[in-house]
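So the structure is just underneath, and the comments pick up after that.
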Amino acid sequence: MGNFVLNYHMIKHMEQTIQYMKTFCKDKGIASITPSSPFAVKRICNKIDFTKDTVIVECGPGNGVFSFAILRQMSPGSRLILIEANRDFVRYLDQRIPDPRVSVFHDNAINIQSIVNQCGLNTADYVIMGIPFSLSDHEQNHSIIANCKKVLKKGGIILVYQFSPRIKKYLRKHFDHIHPDLEVFNIPPLFIFEAFH
Ligand SMILES: C[S@@+](CC[C@H](N)C(=O)[O-])C[C@H]1O[C@@H](n2cnc3c(N)ncnc32)[C@H](O)[C@@H]1O
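Just add 1055 to the spot in the sequence shown (first one is 1) and you have our numbering.
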């Protein structure tokens, strides 16, 4: 049974990786050739409290490497809102996640506030942010982080993962507390920031 479970997850991971690489060939805005590693997913998900009902917004889910892990741990009363700019990924997520707790949006993370409102909510407990900030301009980066802060409830946390630590300057402007972390078992290694105010 143990071997079966391992093989099932390995096959699913391979299938997801191939789909991800094909999409990357069409859209370099995705920024990385492969999805985040299982080590990165585990490290970031370990920062989430899954013992209570939560609202989680994931910006830039790609083909859902974090989303599937979150759904496995999330309570039945929790919500997961996915905001993805690439149409092929949105189609993939729509087809592969038939879960009433999930809402998928083909949109830009900058619109996070109105998207959360469209889901009948005002705030979120967590924002998981995987979009490549190095590819967009300074103003947009500031606006995205500012809008994420507006959507987070008191005590809410933003978890940002990037290939470069440059995002820290944007986080510093909007959040009082920033805890850095690093996952070396990822190609390339991932800088992770947990921020709250
Ligand atoms: C580096 S990939 C991360 C994918 C996935 N979360 C992972 O860890 O494997 C960045 C993702 O963000 C999406 N993206 C880029 N800019 C975005 C934006 N402004 N709003 C929403 N999604 C965006 C890309 O299409 C891509 O799927």
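Ideal placement from N, C-alpha and C gives every residue a C-beta, glycine not left out.
Beta-carbon gap between residue i and residue j smaller than 8 Å
| i | j | result |
| --- | --- | --- |
| residue 1252 | residue 1204 | yes |
| residue 1084 | residue 1190 | yes |
| residue 1230 | residue 1092 | no |
| residue 1238 | residue 1102 | no |
| residue 1072 | residue 1089 | yes |
| residue 1183 | residue 1113 | yes |
| residue 1133 | residue 1156 | yes |
| residue 1192 | residue 1098 | no |
| residue 1167 | residue 1202 | yes |
| residue 1095 | residue 1245 | yes |
| residue 1138 | residue 1160 | yes |
| residue 1210 | residue 1115 | no |
| residue 1256 | residue 1108 | Examination of residue 1256 is not possible in this model, given that the chain is present from 1056 through 1252 alone. |
Simplified DSSP assignment, three categories, for residue i
| i | result |
| --- | --- |
| residue 1228 | helix |
| residue 1233 | strand |
| residue 1185 | coil |
| residue 1057 | A caution first: residue 1057 carries a pLDDT of 49, below 50, which makes its placement in the model too unreliable to give a value. |
| residue 1143 | helix |
| residue 1134 | strand |
| residue 1158 | strand |
| residue 1110 | strand |
| residue 1088 | coil |
| residue 1242 | coil |
| residue 1207 | strand |
| residue 1212 | strand |
| residue 1105 | coil |
| residue 1167 | helix |
| residue 1123 | helix |
| residue 1192 | coil |
| residue 1180 | strand |
| residue 1094 | helix |
| residue 1251 | strand |
Selection from the options that minimises the alpha carbon distance to residue i
| i | options | result |
| --- | --- | --- |
| residue 1162 | 1155, 1142, 1178 | 1142 |
| residue 1106 | 1241, 1195, 1198, 1180 | 1180 |
| residue 1164 | 1073, 1140, 1208, 1124 | 1140 |
| residue 1127 | 1200, 1079, 1064, 1244 | 1064 |
| residue 1207 | 1131, 1151, 1178, 1149 | 1178 |
| residue 1187 | 1075, 1087, 1080, 1082 | 1087 |
| residue 1307 | 1100, 1124, 1147 | Since the first and last residues shown for the chain are 1056 and 1252, residue 1307 lies out of range. |
| residue 1111 | 1135, 1122, 1117, 1145 | 1135 |
| residue 1144 | 1247, 1066, 1082 | 1082 |
| residue 1169 | 1199, 1194, 1117 | 1199 |
| residue 1247 | 1228, 1217, 1232 | 1217 |
| residue 1196 | 1228, 1130, 1209 | 1228 |
| residue 1123 | 1068, 1215, 1062, 1194 | 1068 |
| residue 1117 | 1104, 1153, 1076 | 1076 |
Exercise for the section: Determine contact between the region 1217–1236 and the region 1161–1173, defined as no fewer than three beta-carbon pairs at a distance below 8 Å. Expected result: no
Handout entry: Exercise answer, beta-carbon shell around ligand 1 heavy atoms below 6 Å
Key = Counting every residue whose Cβ lies closer than 6 Å to a heavy atom of ligand 1, we get 1084, 1085, 1086, 1087, 1090, 1091, 1114, 1115, 1116, 1117, 1120, 1121, 1138, 1139, 1140, 1141, 1144, 1163, 1164, 1185, 1186, 1187.
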